[in-house]
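Chemist: Take 1 as the starting number for the sequence shown in full-length UniProt numbering and just add one per residue.
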Amino acid sequence: MDVVVVESPAKAKTINKYLGKNYKVLASFGHVRDLPPKDGSVRPEEDFAMSWSVDSASSKRLSDIATALKGADGLILATDPDREGEAISWHVLEVLRNKRVLKDKHISRVVFNAITKQSVLDAMAKPRDIDAPLVEAYLARRALDYLVGFTLSPVLWRKLPGARSAGRVQSVALRLVCDRELEIERFVREEYWNIAALLATPRKDTFEARLTGYEGKRLQKLDIKTAEQANGIKTMLEGATFNAVSVEAKPAKRNPGPPFTTSTLQQAASSRYGFSASRTMQIAQRLYEGLDVGGETVGLITYMRTDGVQMAPEAITAARAAIGKEFGDSYLPEKPRFYSAKAKNAQEAHEAIRPTDFFRTPASVRAHLDSDQFRLYEMIWKRAIASQMQPAEIERTTVEIEAKNGAQTAQLRAVGSVTRFDGFLAAYVDPKDEDAEDEESKRLPEIRAGEALAREKITADQHTTEPPPRYSEASLIKKLEELGIGRPSTYAATLKTLEDREYVVIDKRRLTPHSKGRIVTAFLESFFEKYVEYDFTAGLEEKLDEISDGKLAWKDVLRDFWADFSAAVDGIKELRVTDVLDALNEQLAPLVFPAREDGSDPRICPRCGTGNLSLKLGKYGAFVGCSNYPECGYTRQLGEAVNGNGEPASGESGDKVLGRDPYTDEEIVLKNGRFGPYVQRGEGKEAKRSSLPKGWTIEAMDHEKALALLSLPRDVGQHPETGKMISAGLGRYGPFLLHDGVYANLESIEDVFSVGINRAVAVLAEKAAKGPGRRGGTPAALKDLGEHPDGGGNVTVRDGKYGAYVNFGKVNATIPKGKDPASVTMEEALALIAAREAAGGGKSKSTARKSPAKAAAKSAAPKKAAAKPAKKKAAK
């Protein structure tokens with residue numbers, strides 16, 4: 001018997017059925033080892049030695065594999081067919097060697113590009129050794145990402161309070177988003193006019209022609225800039241005669257595109273169905289690993305992490321047979337089509353994404369798939385089959401028209417297309433081409449050269465140029481691929497990381513950089529410009545590819561990188577925060593100091609008139625403040641619109657009057673302070689204030705909502721057992737219930753206004769059942785993240801009275817609401833601790849440690865006697 005190791009349990013179950021009782025298939029559940037998230041896991045001073053750790057879940061799975069091997073003949077490593085899969089096989093092999101369970105057993109590596117019985121059996125017949133260069137490329141990439149993250153992130157935490165961390169590929173992707181935002185901000189709209197004529201043939205058929213020339217001059221898109229120009233031309237055309245000078249019909253062909261790669265699949269799924277990159281990969285993973293189709297578990301598509309565009313010869317043969325059956329022989333070209341990748345750094349070692357069986361049509365499997373699985377499979381099937389079909393044959397007709405009004409002349413053009421043979425379009429139309437298809441399908445009536453045309457109507461429409469659109473997930477992935485940055489398996493994770501760190505906001509499928517993201521990018525561009533350059537990052541990817549091809553030694557690449565990178569980091573360690581802010585003020589000047597209508601200096605405080613405005617960094621992110629603080633309290637959020645006087649555009653001093661309190665007659669005002677928006681009733685120290693809860697926006701605030709917030713806390717009712725009042729309110733840690741000094745969290749702000757006595761009693765009882773929290777002493781650790789990089793003890797995740805928090809020494813940092821405490825990493829914990837310390841939240845053990853001199857003096861001093869007699873009590 002042989003033990004076969006795959007990545008997922010679903011795949012293990014299916015493959016075990018194919019291989020039979022002579023094999024035992026076990027799952028590794030992905031990676032079994034990783035670099036511990038602490039300093040020293042990669043050690044450049046030891047020639048880039050790397051320390052690996054195994055978590056408890058992986059340890060159990062490896063033990064199960066080791067146990068199974070005791071009575072087995074050999075080990076077959078069958079993880080995924082990419083760089084990550086090769087690395088997982090290597091990790092499993094290394095651990096098993098350390099456990100000394102392999103002895104004289106045979107070891108082999110096989111790869112399944114598809115989970116079908118034939119593919120699995122074919123792969124098992126072609127074993128090989130682990131691909132050492134592919135593993136070395138993985139090690140180099142992992143070391144680079146670790147060294148950048150764990151070297152650069154602490155610099156960010158110290159110099160930019162509130163910043164999370166910086167990654168090698170994520171930082172470059174973030175720069176793309178920020179650069180596009182800068183383009184949009186600097187864009188100046190231009191006005192232009194389009195002029196068109198609705199004309200009729202002698203046979204009374206109408207069509208539209210657009211103006212292309214006037215008075216012998218060829219017109220470009222922006223040449224007609226004013227209404228005066230447009231109206232002058234329109235008047236001339238309204239009195240003109242029209243004649244068809246020439247009619248030209250040209251045949252054209254449109255060829256199909258290649259089958260999907262990872263990135264093109266993500267782009268198409270985003271454009272057509274609105275799927276995120278991660279959602280697309282989740283669905284594709286299920287289609288690859290196998291689903292129950294007619295009582296048999298079968299993989300429906302080939303491996304989905306690939307940038308190859310070619311299909312295997314047998315797949316092309318099958319596709320051609322399916323085309324003949326489903327569409328007819330007229331759709332089948334004489335010879336098969338072959339494709340090569342155009343993307344920079346494309347690796348064509350793997351097939352494109354295609355169906356495992358072209359005769360398994362979408363209609364035949366629809367009953368066995370959920371709606372999202374069906375839609376993605378249908379798109380993959382159609383795109384793959386279209387790639388081997390005949391081109392579409394289109395006839396494009398162009399009519400050149402002359403208009404004369406006395407001595408004045410103008411030229412117009414009408415264009416139309418007719419699809420003579422749909423070819424591959426019968427199977428698949430790319431989402432981005434669907435609008436173009438509608439335009440191409442516009443047909444012209446019969447128009448003969450030399451005949452007169454009747455004028456029906458002349459129109460002049462005003463337009464303005466538009467700034468470039470913000471990136472969507474799909475267009476950002478396409479740009480990264482064009483630049484050669486990242487790899488198919490990294491795109492979804494990269495985008496998810498940017499969103500999780502709150503560096504970008506995804507709204508209506510468009511990526512907008514958050515102020516945190518813009519500050520991090522500006523910081524990196526100012527002090528680490530080389531490492532966020534597109535060409536540099538793409539060049540590093542090329543080197544990683546050369547490592548995987550066996551052309552470069554992986555440690556040579558690491559040595560070259562680390563020599564320059566460590567020197568760059570050392571060069572700014574002593575940089576003061578004021579120097580950083582000065583650089584950011586210049587880098588982000590259009591954002592920090594927007595121009596004023598009156599032409600005054602945008603860097604002078606509009607309130608006091610003497611202070612200088614500057615970017616400031618606080619616990620809750622960046623804001624703009626006056627240098628005369630606290631005498632002048634002017635602040636506004638970074639990127640907030642300002643009026644002509646330099647004040648926030650929401651009103652004078654950023655205030656918006658919402659109405660008056662019906663009981664006190666005090667004015668209720670919406671304000672925007674350094675810690676975010678809030679409502680206020682009255683003035684001075686006695687004024688009642690309430691921050692806007694999560695999910696409530698400035699735009700949606702009105703008088704009714706403000707009154708509701710300012711009325712809190714709200715009495716819910718008396719507790720039936722104690723007779724004491726239960727109240728609901730909004731506090732620093734979110735919505736809560738309070739009874740007899742005990743707090744219990746509520747899920748949302750809406751619960752504060754709607755919770756009744758029965759539910760309130762139940763929530764308080766659930767809170768009591770969980771225990772007293774911090775009152776009973778320090779809560780037990782939910783998770784131990786390991787020792788702090790600077791020493792001084794372990795960093796832990798705990799659950800307290802006000803929710804989960806990170807603890808290190810005397811520092812307790814609250815975990816943001818909505819974040820699963822069990823998912824907190826060391827990197828995230830260190831960022832929270834640094835932010836808490838920066839806000840004056842206690843001293844950590846590392847900062848409170850004694851100096852080496854004092855510690856040495858203490859250790860050298862003679863110890864006190866163990867049993868020193870107690871002094872007698874003095875007589876009264």
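A virtual CB, placed ideally from N, CA and C, is assigned to each residue, including glycine.
(1) Say whether the segment 587-594 touches the segment 57-73, bearing in mind that this needs 3 or more beta-carbon pairs closer than 8 Å, one atom from each stretch.
(2) Beta strand (DSSP E) containing glutamine 718: first to last residue?
(3) Using a Cβ-Cβ cutoff of less than 8 Å, which residues in the same chain neighbour serine 108 once the five nearest sequence positions on both sides are dropped?
(4) Kindly list the residues whose CB is nearer than 7 Å to the CB of alanine 874, restricted to its own chain and excluding five residues on each side of it in sequence; keep chain order.
(5) Can you tell me which residues form a DSSP beta bridge with proline 735?
(6) Suppose you measure from the CA of asparagine 405 to the CA of threonine 397; what does that come to, to the nearest Å?
(7) Going by the beta-carbon positions, is the gap between tryptophan 554 and glutamate 185 smaller than 9 Å?
(8) Kindly confirm or deny that the segment 508-516 and the segment 560-568 touch, where touching means at least three C-beta pairs closer than 8 Å.
(9) Any idea what DSSP makes of lysine 671, helix, strand or coil?
(10) Do you know whose CA, among Trp52, Ser371 and Val25, lies nearest methionine 1's CA?
(11) Do alanine 407 and leucine 483 have their C-beta atoms within less than 9 Å of each other?
(12) Tell me the rounded alpha-carbon separation between glutamate 395 and arginine 413.
(13) Is the segment 364-380 in contact with the segment 265-283, if contact means three or more CB pairs nearer than 8 Å?
(14) Which whole-angstrom value describes the C-beta separation of alanine 384 and phenylalanine 424, a residue pair presumed to lie in contact below a C-beta threshold of 8 Å?
(15) On a CA-only basis, which of Asp751, Leu498, His719 and Phe528 is nearest histidine 514? Give me that one, please.
(16) To the nearest angstrom, how far is it from the Cα of alanine 687 to the Cα of glycine 633?
(17) Should leucine 830 go down as buried or exposed, given a rule of 16 or more other Cβ atoms within 10 Å for buried?
(18) Is the Cβ-Cβ distance between glutamate 502 and tyrosine 491 less than 9 Å?
(19) Residues in the same chain with beta-carbon distance under 7 Å from alanine 708, minus the five sequence neighbours each way, listed in chain order, please.
(20) With a floor of 3 residues, list each beta strand (DSSP E) that falls wholly inside the segment 409-494, ordered by position along the chain.
(21) Report yes if the C-beta distance between valine 763 and valine 755 is below 9 Å; otherwise report no.
(22) Just to check, is the beta-carbon of lysine 705 closer than 8 Å to a non-hydrogen atom of the ligand ZN?
(23) What are the boundary residues of the alpha helix (DSSP H) that includes leucine 524?
(24) Would you list the one or two residues that DSSP bridges to valine 42?
(25) Helix, strand or coil: how does DSSP classify tryptophan 157 here?
(26) According to DSSP, simplified to helix, strand and coil, what is isoleucine 76?
(27) With DSSP run on the structure shown, which of helix, strand or coil describes leucine 198?
(28) Of all the options Asp784, Thr796, Arg836 and Val797, which has the alpha carbon lying nearest to the alpha carbon of aspartate 55?
(29) By Cβ distance, which residues of its chain are closer than 6 Å to residue 878, with the 5 residues on each side in sequence left out?
(30) Within 10 Å of its beta-carbon, does glutamate 828 have 16 or more other beta-carbons around it, so buried, or fewer, so exposed?
(31) Please report the distance separating the alpha-carbon of glutamate 766 from that of arginine 759.
(32) Would you mind sorting asparagine 231 into buried or exposed? The rule is 16 or more other CB atoms within 10 Å of its CB.
(33) Considering only the beta carbon of each residue, do valine 797 and isoleucine 815 sit closer than 9 Å?
(34) Find out if the Cβ-Cβ distance for the pair leucine 176, tyrosine 471 is shorter than 9 Å.
(35) Write down every uninterrupted run of the alpha helix (DSSP H) in the segment 193-261 whose length is 4 residues or greater and which is fully enclosed by it, in chain order.
(36) With tyrosine 743 as the anchor, note down where its beta strand (DSSP E) starts and where it stops.
Modeler: Here's the rundown:
(1) no
(2) Within the sequence shown, residue 718 is the residue found at index 718, counting from 1. Segment 714-718, the beta strand (DSSP E) holding glutamine 718.
(3) As a first step, residue 108 must be located in the sequence shown, where it is residue number 108. Answer for serine 108: Gly74, Leu75, Ile76, Leu77, Pro127, Arg128 and Asp129, listed in chain order.
(4) Within the sequence shown, residue 874 is the residue found at index 874, counting from 1. In this prediction, alanine 874 scores a pLDDT of 42, lower than 50, which makes its location untrustworthy; the coordinate-derived value is nonetheless stated afterwards. Here the set comprises nothing.
(5) In the sequence shown, residue 735 corresponds to position 735, counting from 1. Its beta-bridge partners are Leu730.
(6) Stepping through the sequence shown from its first residue, residue 405 is reached at position 405. Stepping through the sequence shown from its first residue, residue 397 is reached at position 397. Cα-Cα distance, rounded: 26 Å.
(7) For the purposes of this step, residue 554 is taken as the residue at position 554 of the sequence shown. For the purposes of this step, residue 185 is taken as the residue at position 185 of the sequence shown. Result no, Cβ atoms of tryptophan 554 and glutamate 185 do not sit closer than 9 Å.
(8) no
(9) In the sequence shown, residue 671 corresponds to position 671, counting from 1. Of the three classes helix, strand and coil, the one that applies to lysine 671 here is strand, per DSSP.
(10) Position 1 of the sequence shown, counted from the start, is the residue given in the question as residue 1. Nearest C-alpha to methionine 1: Val25.
(11) Residue numbering aside, residue 407 sits at position 407 when the sequence shown is read from its first letter. Residue numbering aside, residue 483 sits at position 483 when the sequence shown is read from its first letter. Contact flag unset, no.
(12) Locating residue 395 in the sequence shown gives position 395, where the first residue counts as 1. Locating residue 413 in the sequence shown gives position 413, where the first residue counts as 1. One C-alpha to the other measures close to 16 Å.
(13) yes
(14) For this step, residue 384 is matched to residue 384 along the sequence shown. For this step, residue 424 is matched to residue 424 along the sequence shown. Wrong, their Cβ atoms sit about 11 Å apart, outside the cutoff.
(15) Working through the sequence shown from its first residue, we reach residue 514 at position 514. Among Asp751, Leu498, His719 and Phe528, the Cα nearest to that of histidine 514 is on Leu498.
(16) Taking the first residue of the sequence shown as 1, we reach residue 687 at position 687. Taking the first residue of the sequence shown as 1, we reach residue 633 at position 633. Spanning the two alpha carbons is a distance of roughly 17 Å.
(17) Taking the sequence shown and counting its residues from 1, the one referred to as residue 830 is at position 830. Classification for leucine 830: buried.
(18) If you number the sequence shown from 1, residue 502 lands on position 502. If you number the sequence shown from 1, residue 491 lands on position 491. Result no, Cβ atoms of glutamate 502 and tyrosine 491 do not sit closer than 9 Å.
(19) Taking the first residue of the sequence shown as 1, we reach residue 708 at position 708. Result list for alanine 708: Phe753, in chain order.
(20) 452-464
(21) Residue 763 sits at position 763 when you count from the first residue of the sequence shown. Residue 755 sits at position 755 when you count from the first residue of the sequence shown. Result yes, Cβ atoms of valine 763 and valine 755 sit closer than 9 Å.
(22) As far as ligands go, the structure on display features none, and thus does not contain the ligand ZN.
(23) Start at 1 with the first residue of the sequence shown, and residue 524 comes out as number 524. Taken as a continuous stretch (DSSP letters only), the alpha helix (DSSP H) holding leucine 524 covers 515-527.
(24) Here the question's residue 42 lines up with position 42 in the sequence shown. Answer is Met50, bridged to valine 42.
(25) Within the sequence shown, the letter at position 157 stands for residue 157. Correct three-state label for tryptophan 157: helix.
(26) As a position in the sequence shown, residue 76 is number 76, starting the count at 1. Three-state DSSP puts isoleucine 76 in a strand.
(27) As a working mapping, residue 198 is identified with position 198 in the sequence shown. Here leucine 198 sits in strand by DSSP.
(28) On the sequence shown, residue 55 is found 55 positions in, with the first residue counted as 1. That would be Asp784, whose Cα lies nearest to the Cα of aspartate 55.
(29) The requested residue 878 does not occur in the structure, where the chain is confined to residues 1 to 876.
(30) Along the sequence shown, read from residue 1 onward, the residue named residue 828 stands at position 828. So glutamate 828 counts as buried.
(31) In the sequence shown, residue 766 corresponds to position 766, counting from 1. In the sequence shown, residue 759 corresponds to position 759, counting from 1. Going from the Cα of glutamate 766 to the Cα of arginine 759 covers about 11 Å.
(32) Looking up residue 231 in the sequence shown gives position 231. Answer is exposed; the Cβ neighbour count stays below 16.
(33) The residue labelled residue 797 in the question sits at position 797 within the sequence shown. The residue labelled residue 815 in the question sits at position 815 within the sequence shown. Yes; because the gap between Cβ atoms is below 9 Å, this pair is in contact.
(34) Indexing the sequence shown from 1 puts residue 176 at position 176. Indexing the sequence shown from 1 puts residue 471 at position 471. Closer than 9 Å, so yes.
(35) 227-238
(36) Here residue 743 is taken as the residue at index 743 of the sequence shown, counted from 1. That run of the beta strand (DSSP E) goes 742-745.
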